[in-house]
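Have a look at the structure below, then the notes.
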Amino acid sequence: AQSVTQLGSHVSVSEGALVLLRCNYSSSVPPYLFWYVQYPNQGLQLLLKYTSAATLVKGINGFEAEFKKSETSFHLTKPSAHMSDAAEYFCAVSDGNAGNMLTFGGGTRLMVKP
Amino acid sequence: ETGVTQTPRHLVMGMTNKKSLKCEQHLGHNAMYWYKQSAKKPLELMFVYNFKEQTENNSVPSRFSPECPNSSHLFLHLHTLQPEDSALYLCASSQGVAGNEQFFGPGTRLTVL
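So the sequence lines, in the order shown, correspond to chains A and B. Residues 6 to 119 (our numbering) make up the first sequence, in order. Residues 10 to 122 (our numbering) make up the second sequence, in order.
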């Protein structure tokens, strides 16, 4: 069975500060990992994904994430937060199952202070 | 229309009503999914359809009944719901192949009175 833990249901940063959202996973096989963002009253939008190519993955809106197998982590970072980054962020894992099912973490709400 | 669309965007229903949620994907995908998102729980996968065949039912109560008439359309039929069923219902689609991302619709905000 696979699972995802996102440490910190709420994270607050100042505009211009580093954003770090944590994600740890468990999977019995090499995983596929995803970060999604959800703005209010909208569905989820893919930020980036890891599919066993480069361990450092760059996504949209200046976000990136690094896959660390030894730490079973896939933390999301952005060097400088912008007000428009305020949203909820979800980490998800797939073990390559038929049907491409994802298991999501509980989400982290990012707040950006002016 | 592009991507994944869902109708209606908002729905208020009584516990004795019957209603349906509709999802349509314009991406040529072969897998479609229903999720429930409520305030106090993580995203819950409800149903998975792969090439129109249901491949996953995540112990969902029978008052939720999915239907997938073709690879582009997915319905969720609702009857005799409970107030705790109030949530955002999200539809997604993907190629159904490992490693491919799922594309999400905007969701239907359901309120059960």
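Each residue gets a CB set at the ideal place from its N, CA and C atoms; glycine is no exception.
#1: Tell me, please, whether the CB atom of P115(B) is closer than 9 Å to any CB atom in chain A?
#2: Check whether the Cβ of V69(B) lies closer than 9 Å to any Cβ atom in chain A.
#3: By a C-beta neighbour count over all protein chains shown, 10 Å radius and 16 as the cutoff for buried, is G21(A) buried or exposed?
#4: Where in the region 84 to 115 of chain A do unbroken runs of the beta strand (DSSP E), each at least 3 residues long, occur, reported from the N-terminal end onward?
#5: Can you give me the C-alpha to C-alpha distance between G67(A) and T56(A), rounded to a whole angstrom?
#6: Just to check my reading of the structure: M106(A) and H15(A) have Cβ atoms closer than 8 Å, yes? What is that Cβ distance to the nearest angstrom?
#7: For the beta strand (DSSP E) that E76(B) lies in, which residues bound it at each end?
#8: Determine, using beta carbons only, whether Y7(A) comes closer than 9 Å to chain B.
#9: Counting only Cβ pairs nearer than 7 Å, list the residues of chain B close to Y37(A).
#10: What runs of the beta strand (DSSP E), each 3 residues or longer, lie entirely inside the region 38 to 79 of chain A?
#11: Under 8 Å, with one C-beta from each stretch per pair, do the region 107 to 116 of chain B and the region 40 to 53 of chain A reach the 3-pair mark?
#12: Give me the DSSP bridge partner(s) of S47(B).
#13: May I ask which residues mark the beginning and end of the beta strand (DSSP E) holding S32(A)?
#14: Along the region 30 to 45 of chain B, where does the CB come closer than 7 Å to a CB of chain A? Name the residues.
#15: The beta strand (DSSP E) spanning R27(A) covers which residue range?
#16: In angstroms, rounded to a whole number, what distance separates the CA positions of P36(A) and T25(B)?
#17: Report the three-state DSSP secondary structure of E53(B) (helix, strand or coil).
#18: Residues of the region 88 to 107 of chain A in Cβ contact with chain B at a cutoff of 9 Å, in chain order, please.
#19: Chain B beta carbons: is any one of them nearer than 9 Å to that of L12(A)?
#20: Between the alpha carbons of M41(B) and P70(B), how many angstroms are there, rounded?
Reading from the atomic positions:
#1: For this step, residue 115(B) is matched to residue 106 along the second sequence. At least one chain A Cβ lies under 9 Å of P115(B).
#2: To locate residue 69(B), count along the second sequence from 1; it is residue 60. Closer than 9 Å: no.
#3: Here residue 21(A) is taken as the residue at index 16 of the first sequence, counted from 1. Exposed is the call here.
#4: 92 to 99
#5: Within the first sequence, numbered from 1, the residue matching residue 67(A) stands at position 62. Within the first sequence, numbered from 1, the residue matching residue 56(A) stands at position 51. Between G67(A) and T56(A), the C-alpha separation is close to 19 Å.
#6: Along the first sequence, one-based indexing puts residue 106(A) at 101. Along the first sequence, one-based indexing puts residue 15(A) at 10. Not a contact, Cβ separation roughly 27 Å.
#7: Here residue 76(B) is taken as the residue at index 67 of the second sequence, counted from 1. Segment F73 to N79, the beta strand (DSSP E) holding E76(B).
#8: Translated into positions along the first sequence, residue 7(A) becomes position 2. It is worth fixing the name first, because residue 7(A) is Gln in this sequence and not Tyr. Q7(A) does not count as touching chain B.
#9: Your numbering for residue 37(A) matches position 32 in the first sequence. Simply A107 and G108.
#10: 49 to 55, 61 to 63 and 69 to 73
#11: yes
#12: Counting from 1 along the second sequence, the entry for residue 47(B) is found at position 38. Beta-bridge pairing links S47(B) to no other residue.
#13: Position 27 of the first sequence, counting from 1, holds the residue named residue 32(A). Premise fails: S32(A) is in no beta strand (DSSP E) and is neither H nor E.
#14: A40
#15: In the first sequence, residue 27(A) corresponds to position 22, counting from 1. Segment: none, R27(A) is in no beta strand (DSSP E) and carries neither H nor E.
#16: Locating residue 36(A) in the first sequence gives position 31, counting from the first residue. Locating residue 25(B) in the second sequence gives position 16, counting from the first residue. C-alpha separation (whole angstroms): 43 Å.
#17: Numbered from its first residue, the second sequence carries residue 53(B) at position 44. The answer is strand: DSSP assigns E53(B) an E or B state.
#18: F95, A97, S99, D100, G101, N102, A103, G104, N105, M106 and L107
#19: As a working note, residue 12(A) is residue 7 in the first sequence. Closer than 9 Å: no.
#20: For the purposes of this step, residue 41(B) is identified with residue 32 of the second sequence, where counting begins at 1. For the purposes of this step, residue 70(B) is identified with residue 61 of the second sequence, where counting begins at 1. Distance between the alpha carbons of M41(B) and P70(B) is about 19 Å.
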